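Top line first, the protein sequences correspond to chains A and B. The numbers in the numbering used here rise by one with no breaks, and the one at position 61 of the first sequence is 61. In short: position in the second sequence from 1, add 1000, done, that's the numbering used here. The beta-carbon is built from N, C-alpha and C at its ideal position, and this holds for glycine as well. Fair warning: this is a prediction, and the values are worked out from it, not measured in the lab. To start, the structure itself, in C-alpha cells.
2 protein chains.
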Amino acid sequence: MRIGELARRSGVAVPTIKYYLREGLLPAGTSTGPNQADYDDTHLHRLRLVRALIDIGGLTVAGTRDVLSAVDDPFVVGHELLGAAHCAIVPARRSTRGEVRDGDGWQSARADLGGWTARRGWLISPDAPALDQLADVVSALRTLGLDELLDRLDAYADAAVTVAEHDIDTVLARAGGGEASAELMLEAVVTGTVLGEAMFNALRLLAQEDASARRFGFGRLSEEPAHAGSSEVS
Amino acid sequence: MRIGELARRSGVAVPTIKYYLREGLLPAGTSTGPNQADYDDTHLHRLRLVRALIDIGGLTVAGTRDVLSAVDDPFVVGHELLGAAHCAIVPARRSTRGEVRDGDGWQSARADLGGWTARRGWLISPDAPALDQLADVVSALRTLGLDELLDRLDAYADAAVTVAEHDIDTVLARAGGGEASAELMLEAVVTGTVLGEAMFNALRLLAQEDASARRFGFGRLSEEPAHAGSSEVS
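Here it is as C-alpha cells:
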C-alpha cells in the first residue's frame, strides 16, 4: 500500500509516519520509484504498536525506538527477552532526576531493597532497573513520612507475584507452545509490560472506587453506578 | 526559613521554587520585606510532595497544580475524596490523543466495559475517568490482536481488588481513626494513588523477572541474584 493508505488505515497522519521513518521507529518501505515506496501489513502492525507504546504506555519517541530495537534483535531469547524488555522500558520513561539517586536517602533505600528482595527469595539481577525505580518510590515515601504504604510493601509484593504469574502465562499463551518466533514473544513481553501496566493501573482505580464506595458510603461520584449491559469485553 | 534554606533542605533549586510559586504549586511565604519572604515546614513538605508527583508520578506541572487544588479544597470529604483525586490524576498524565476516543473501536470498547463492570457488581460512576483509560488499553489490545491479555481481564481485576483493599487500608491507617483532617486524607489518597502505582509497577517488574527466571531458567540478566542483606526496608 502507498503511504496515504497506511495513514488512513492506521489513523496516523502522513507527516507523523514520515517522522517515524526518519527516526527509525518504522522500517523503510520497498522503493517503487523516486520518492515513492510500498508498505505492507507489517508496517501497519508496527505503526499501531508504536502508537500504543507512545499514547498509552507514555514512552518517548527515543524510548520507543530503544524498545523496538530490542524487539528486532534476533539474538535475544528465553528469559533474556524479559530482561531486554525491562532494560529498554524502564529508562524509556523514567523522569526521576539522576541527582536524586546520588543522595544518602536513595542509596540507603536501594541497599535496603537488595536485602529485602533476597529475603523474599526473588531470583532477580542485583542491577535490575526496576530496583532503582522502586528505590525512587521508597525514598520519596520515607521523605514524605508515608510509612503506611511502606508497611504494606510485602502485601503489595504478594499481589504483584499473582499479577506477574498472569503476565508470564500471557506471554506463554502468545508463544503458543514454543512455536512462536522470538520477535513475537518479545513483542508480547513489551506490550504485555507496557499495556498490561496501563490496564492494571486503570483496573486498580476502578477497584479503589468500588472499595471506597462500600466502606465510606456513596458520594457525589457514585450516585449512578454503571448500569448493566450484556456485551462481552474480550 | 529563607528561600535559600528551603532549596537546600528540599534539594530543589531556587529558580525552580520560584517557578512553582508563580505557577501556584506552592503557597506564597510570609512577606518579611521587599523581595523577601519566610517559609516554614509546610512549604518544605509541599515542595517534596510536588517533586514526588512530578518525578515519580510522571505528572505535568499543570496536572500537579490541579491535583494539589483538590488537596486544598476543604469541601471534599469521605468517598468524594477518592473521586476528586482520580479526576485530577487521570487527566494530569493522559497522553492518548482525543481523536482516538472518537473511533468506533474505542466507543465499542467503552460500551463493553460499562457492561463488564456492571456484571462484576462494581459500584463505580459511569463516567469514571479510569473507565476511559481502560477503554484506551482495551481498544489498543484489540487492534494489535493481543487477545491473551484481554482474556485475563477478570483475573487482573481480581488482583486489582486485592491491591485496592490495601490502598483503602493505607488511607484509613493514615486517617488514624477518623481524627485526621480531610487535607491529610486527600494527600494520602493522592500520594497513595500516584506513588502506590509507581511502587506496584516496579514490584510487578521484579516479580515478572523472578517468575521468568523460574520458568525459563536463568539468562544473562539473572546470573547473579541479589545477595542477602539484613537491613529492613520500612
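Between A/L141 and A/L113, the C-beta spacing is not below 7 Å.
Of the candidates B/Q1208, B/L1195, B/A1088 and B/P1126, B/L1195 places its Cα closest to the Cα of A/L144. Ranked by how close their Cα comes to the Cα of B/G1004, the residues B/Y1039, B/G1103 and B/A1173 have B/Y1039 in first place. One Cα belongs to B/A1007, the other to A/Q133, and the distance between them is close to 24 Å. Between A/H45 and the set A/S31, A/I17 and A/P34, the nearest pair of CA atoms involves A/I17. In this structure, B/L1047 places its C-beta atom within 7 Å of the C-beta atom of B/V1012.
Among the residues of the segment 2-22 of chain A, those with a Cβ less than 8 Å away from any Cβ of chain B are G11, in the order of the chain. Residues R2 of the same chain have their beta carbon placed closer than 8 Å to that of A/Q36, with the five preceding and five following residues left out of the count. Burial check for B/E1148: the Cβ neighbour count within 10 Å reaches 16 or more, so the residue is buried. Closest in C-alpha terms to B/A1085, from the list B/L1203, B/N1201, B/R1214 and B/A1188, comes B/A1188. In the DSSP assignment, A/T16 falls within the alpha helix (DSSP H) that extends over V14 to E23. When C-beta atoms of the segment 198-216 of chain A are compared with those of the segment 1154-1172 of chain B, three or more pairs fall below 8 Å, so the two segments count as touching. Neighbours of A/Q133 in chain B, taken as residues whose beta carbon is under 8 Å from its own, are A1198, N1201, A1202 and L1205 in chain order. Among the residues facing chain B, A/T191 is included, as its CB has a counterpart in that chain under 7 Å away. With contacts defined by Cβ atoms closer than 7 Å, B/W1116 and B/S1139 do not form a contacting pair.
Apart from sequence neighbours up to five positions away, the residues of its chain that approach B/L1150 with a beta-carbon distance below 8 Å are V1138, L1141 and R1142, ordered along the chain. At a C-beta separation below 7 Å, A/T143 has these neighbours in chain B: R1048.
With fewer than 16 neighbouring CB atoms inside 10 Å of its own CB, B/A1028 falls in the exposed class. As the crow flies, the alpha-carbon of A/L123 is around 43 Å from that of B/G1103. In this chain, the alpha helix (DSSP H) harbouring A/D132 covers P129 to L144.
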